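Structure first, commentary second.
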Amino acid sequence: MSVERTGFLALLKREVLRFVRRPRNTFVPPFITNVLYFSVFGVILGERINEIAGVPYILFILPGLIVLGAVSNAFENASFSIFHGRWNRYIEEVLTSPLSYRSMVGAYVLSSATRGIFVGALVAVIGVFFTTVGVVRPFYLVAFMLVITLLFASLGVVGGLWAEDFDDLTMMNQFILRPLVFFGGVFYSLNELPATLQQVSLLNPMIYMVNGVRYGFLGVSEVDPNMSLAVLVALTVAVSAVNVALFRRGYGLTD
Numbered sequence: 258m259s260v261e262r263t264g265f266l267a268l269l270k271r272e273v274l275r276f277v278r279r280p281r282n283t284f285v286p287p288f289i290t291n292v293l294y295f296s297v298f299g300v301i302l303g304e305r306i307n308e309i310a311g312v313p314y315i316l317f318i319l320p321g322l323i324v325l326g327a328v329s330n331a332f333e334n335a336s337f338s339i340f341h342g343r344w345n346r347y348i349e350e351v352l353t354s355p356l357s358y359r360s361m362v363g364a365y366v367l368s369s370a371t372r373g374i375f376v377g378a379l380v381a382v383i384g385v386f387f388t389t390v391g392v393v394r395p396f397y398l399v400a401f402m403l404v405i406t407l408l409f410a411s412l413g414v415v416g417g418l419w420a421e422d423f424d425d426l427t428m429m430n431q432f433i434l435r436p437l438v439f440f441g442g443v444f445y446s447l448n449e450l451p452a453t454l455q456q457v458s459l460l461n462p463m464i465y466m467v468n469g470v471r472y473g474f475l476g477v478s479e480v481d482p483n484m485s486l487a488v489l490v491a492l493t494v495a496v497s498a499v500n501v502a503l504f505r506r507g508y509g510l511t512d
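Be aware that the sequence shown starts at 258, since it is given in our numbering, and climbs by one per residue.
The following block contains the structure:
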């Protein structure tokens, strides 16, 4: 096994173990939050709304909640890991290792995407206790989950390099990421909006992610899933390339 591969796997393992060994921080908060979402929006509100797009309301919101949990945790893990390494200066050990910049970024992104997928799966398991969960288009479900977690893990690397203190991390997650998700068609159908707001909503990338995962589960989507997947793949590749370039320049990594 080459030195490059050994170092990559070692860094990847360290980053995965970092969140696996702290289940109270990694898995308990999304578990409690999504039980509340399903109870309030799915059960109580769902009894009054009944159906959207021909499916029960509680089943309609399930894909959106999975996306919310997956992308939030992928972003948070990457941004916190990078920033914490900068703050405590142990990221310098990674920078001085024989790893290429691509391997460094790859380890941070893959470990964070793994956390996002774990949390997304946890939300799906919670949903089983509230409704019948099926997968109509498994290929699209897997493809979209992989792409969106990789994309937001890559964006999290950028956030971790840019942040100057822990408040910046909180601001990005709470005041940028979550509003985009909530206005991304998680709890409502685009067809329920006036025509003008429908067009404005299409500028929100979360619309394509939520509808892509919804298409995987239900076979229902308000946007073309193939076009959405192609655009998201291109964005993921582009942001990953930016990450490598930032590491090569030492942006946020060196004084």
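All residues carry an ideal CB built from backbone N, CA and C; glycine is no exception.
Computed from a predicted model, the values in this text were never measured in an experiment.
Exercise. Going by C-alpha distance, which of Thr263, Arg281, Phe298, Ala267 is nearest Phe439?
Worked result: Phe298
Exercise. Sorted by chain position, which residues of the same chain lie with C-beta nearer than 8 Å to Ile348's C-beta, five sequence neighbours on each side aside?
Worked result: Ile339, Gly342, Leu510
Exercise. Quick one, which of Phe504, Pro436, Ser411, Gly473 has its alpha-carbon nearest Ser336's?
Worked result: Ser411
Exercise. Which runs of the alpha helix (DSSP H) fall wholly inside the region 416-457 and span at least 4 residues, in chain order?
Worked result: 423-429, 435-439
For this session: For Ala502, count neighbouring Cβ atoms within 10 angstroms of its own Cβ and tell me buried if that reaches 16, exposed if not.
Result: exposed
Problem set entry | Touching by the beta-carbon criterion (3+ pairs, under 8 Å), the region 386-397 and the region 473-485 | yes
Exercise. Are the beta-carbon atoms belonging to Ser497 and Tyr465 less than 9 Å from one another?
Worked result: no
For this session: Could you pull out every residue in the same chain whose Cβ sits closer than 6 Å to the Cβ of Val380, ignoring the five residues on either side in sequence?
Result: Asn291, Leu322, Ile323, Gly326
Problem set entry | Phe474, enclosing alpha helix (DSSP H) - first and last residue | 462-475
Exercise. Applying the criterion that 16 or more other CB atoms from any shown protein chain within 10 Å of the CB defines a buried residue, is Ser369 buried or exposed?
Worked result: buried
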